Structure formats: structure tokens, C-alpha cells
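Peer 1:
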Amino acid sequence: MFALAIQTGLRITELTSLTITDIHLGVGANVYCVGKGRKQRRTPLVPRTVEILQNWLTHQPGDPTSPLFPTSTGRPLSRDAVEHRVTLTATKAAQHCPSLASKTITVHTLRHTAAMRLLHAGVDITVIALWLGHEQITTTNIYLHADMTQKEQAIAKTNPIGPPGETGRFKPDDTLMAFLNNLWLCRQPTRNQATTSQNTQPSA
Numbered sequence: 313m314f315a316l317a318i319q320t321g322l323r324i325t326e327l328t329s330l331t332i333t334d335i336h337l338g339v340g341a342n343v344y345c346v347g348k349g350r351k352q353r354r355t356p357l358v359p360r361t362v363e364i365l366q367n368w369l370t371h372q373p374g375d376p377t378s379p380l381f382p383t384s385t386g387r388p389l390s391r392d393a394v395e396h397r398v399t400l401t402a403t404k405a406a407q408h409c410p411s412l413a414s415k416t417i418t419v420h421t422l423r424h425t426a427a428m429r430l431l432h433a434g435v436d437i438t439v440i441a442l443w444l445g446h447e448q449i450t451t452t453n454i455y456l457h458a459d460m461t462q463k464e465q466a467i468a469k470t471n472p473i474g475p476p477g478e479t480g481r482f483k484p485d486d487t488l489m490a491f492l493n494n495l496w497l498c499r500q501p502t503r504n505q506a507t508t509s510q511n512t513q514p515s516a
């Protein structure tokens, strides 16, 4: 379920309402769902997600109208049940990635991850809006703003070279200054060269 959520960015209600017939794992693999406003859309599936779903259906068979993610009684999972599973999985993952312990991870976090992956891959914001099933592109712009915030935070963490208060302007040492001065002196004409140059100037 989580692999499907991260790759497709489906809403929690869209995930829980999926049936086996909504998943097409052949050529042009995709998932069909009905989102907000009864709008229908199909989202393509990458090979890794297809592989995971194939393994899932092997161990969780059912008729075409059966829930894709059923409870032990064969009914669709509730919203609370899905969020509970996300919390348990995040807790286990935090054992290997301690930074997750301080984060609140929900199904919407997985949806947000899907959007940010597309954004970082250079996908146009209008395509992301279609991918997520947004009615208005202004909703999708939230992810664009979030991406800019992250970049600004990264810039803020960079510190200029040198002690606090300094501008970071390069200051050459004495050795470099002496070398540059010698170059300048070598390019200046000597007194004899200057006199010769003046004597060879044609008269008016």
C-alpha cells in the first residue's frame, strides 16, 4: 500500500476504495481511481510498484470487485486503520533512520512525497496537478512553494568563509602581493628605454 501511495500520490480515501479490477499490471500498467468531485483518472505505475502489487495479489487473491487492501473480514480498510499502519511502519523505520522519530508521518505525507519527487524530477506543475487530481493548479502550487522554502533553508545554512563580521572578501598575503608587484615593475620601461622612445618619435 505504501509503495503505491508514494508512487501515485493517491489520497487515503482513494487508496481504501481501490478494488482489484482498478489495478492494471500489464502493458501500460496503471491504477484507476475516482477522486474528489467524482473525477476519474489513471496514474501510471513504475516497474517496481508493479512488482510489489503482483506479489501482493499473489498472497491476497480475490475476485475483481474485492478491495485491493482488505481487512481480515474482507472489507475495505478504514481511514484510521491505514493511518495506524503508517504510524507502525514509521516507528519501525525510525530504528534505522533516527531522524524519522521526530517527524509526524501520515498518508498525506506520502502524497506530498510523490508530488515533491515529480517536482524535483523537473515535471511541469500542470502535469503534477493532473497526477494528483487537483481541480485547481493553485493547490498544486503549495508544493512549489514548499520546494522553494527548502532551498531557502539550505542557503541559510551556508556560512561565509572567515570569522563573523567579515564580508568574506579575498585578502592576498604578502608573498602574493610581492609577486604581483614584481610583475608590475617588470612591465614598466626603464629610464633609458623611455628616453630612447622619446628620441625616436617623429618630429611634427
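Using the working numbering, the first residue of the sequence shown is number 313, and each one after it goes up by one. By construction, the Cβ of each residue, glycine as well, lies at the ideal position given by its N, Cα and C atoms. Since this is a predicted model, take the numbers as computed values, not measurements.
1) For the stretch 403-462, which segments carrying the alpha helix (DSSP H) assignment without a break, of at least 4 residues, lie completely within its bounds, in sequence order?
2) Which term fits residue 446, buried or exposed, when burial requires 16 or more other beta carbons within 10 angstroms of its beta carbon?
3) For residue 359, name the three-state secondary structure that DSSP assigns.
4) Where DSSP assigns a beta bridge to residue 336, which residues make up the other side?
5) CB-CB under 6 Å to residue 341, same chain, minus the five flanking residues each way: which ones, in chain order?
6) The alpha helix (DSSP H) spanning residue 316 covers which residue range?
7) Any idea what DSSP makes of residue 352, helix, strand or coil?
8) Hey, residue 321 and residue 442 are a contact pair by Cβ (cut 8 Å); roughly how many whole angstroms apart?
9) At which residues does the alpha helix (DSSP H) containing residue 327 begin and terminate?
10) To the nearest angstrom, how far is the alpha carbon of residue 382 from that of residue 435?
11) Name the one or two DSSP bridge partners that residue 331 has.
12) Measure from the alpha carbon of residue 417 to the alpha carbon of each residue in 431, 400, 428, then state which is nearest.
13) Given residue 426, which residues of its chain have a CB within under 7 Å of its CB, disregarding the five upstream and five downstream residues?
14) I think residue 354 touches residue 347, with their Cβ atoms under 8 Å apart; what is that distance to the nearest whole Å?
15) Taking all protein chains shown into account, decide if residue 409 is buried (16 or more other Cβ within 10 angstroms of its Cβ) or exposed.
16) Nearest-angstrom Cα distance between residue 380 and residue 448?
17) Given a threshold of 16 other Cβ atoms within 10 Å of its Cβ, counted over all protein chains shown, does residue 516 qualify as buried or as exposed?
18) Measuring alpha carbon to alpha carbon, tell me which of 429, 487, 328 ends up nearest residue 378.
19) Keeping to the same chain, check which residues put their C-beta closer than 6 Å to that of residue 526; ignore five residues upstream and five downstream.
20) How many whole angstroms separate the CB atoms of residue 343 and residue 335, which I take to be in contact at a CB cut-off of 8 Å?
Peer 2: According to the structure data:
1) 419-432, 437-444
2) As a working mapping, residue 446 is identified with position 134 in the sequence shown. Buried: at least 16 other Cβ atoms inside 10 Å.
3) The residue labelled residue 359 in the question sits at position 47 within the sequence shown. Note: residue 359 maps to helix in three-state DSSP.
4) As a first step, residue 336 is located in the sequence shown; it is residue number 24 there, counting from the start. BP columns for residue 336 point to 342.
5) Taking the sequence shown and counting its residues from 1, one reaches residue 341 at position 29. 357, 362.
6) On the sequence shown, position 4 is the one that residue 316 refers to. 314-320 is the extent of the alpha helix (DSSP H) around residue 316.
7) For this step, residue 352 is matched to residue 40 along the sequence shown. Strand.
8) As a first step, residue 321 is located in the sequence shown; it is residue number 9 there, counting from the start. As a first step, residue 442 is located in the sequence shown; it is residue number 130 there, counting from the start. With 8 Å as the limit, residue 321 and residue 442 do not qualify as a contact, their Cβ atoms being about 11 Å apart.
9) Indexing the sequence shown from 1 puts residue 327 at position 15. Counting along the chain, the alpha helix (DSSP H) containing residue 327 begins and ends at 324-328.
10) Here the question's residue 382 lines up with position 70 in the sequence shown. Here the question's residue 435 lines up with position 123 in the sequence shown. Near 33 Å, if we compare the C-alpha coordinates of residue 435 and residue 382.
11) Within the sequence shown, numbered from 1, the residue matching residue 331 stands at position 19. According to DSSP, which records beta bridges pairwise, residue 331 is partnered with 379.
12) One-based indexing of the sequence shown puts residue 417 at position 105. Checking every option, the nearest Cα to that of residue 417 belongs to 400.
13) Residue numbering aside, residue 426 sits at position 114 when the sequence shown is read from its first letter. Once the five neighbours on either side are set aside, the close Cβ partners of residue 426 are 318, 319, 320, 321.
14) Within the sequence shown, the letter at position 42 stands for residue 354. Within the sequence shown, the letter at position 35 stands for residue 347. Incorrect: roughly 11 Å between the Cβ atoms, too far for contact.
15) In the sequence shown, counting from the first residue as 1, residue 409 sits at position 97. Residue 409 should be labelled exposed.
16) For the purposes of this step, residue 380 is identified with residue 68 of the sequence shown, where counting begins at 1. For the purposes of this step, residue 448 is identified with residue 136 of the sequence shown, where counting begins at 1. Roughly 29 Å separates the two Cα atoms.
17) Here residue 516 refers to the residue found at position 204 of the sequence shown. Note on residue 516: pLDDT 44, under 50, position unreliable in the model; the coordinate value appears next. Residue 516 comes out exposed.
18) As a position in the sequence shown, residue 378 is number 66, starting the count at 1. Nearest option by C-alpha distance: 328.
19) The chain is shown from 313 up to 516; residue 526 falls before or after that span and cannot be answered.
20) What you label residue 343 is simply residue 31 of the sequence shown in a count that begins at 1. What you label residue 335 is simply residue 23 of the sequence shown in a count that begins at 1. Confirmed, about 6 Å.
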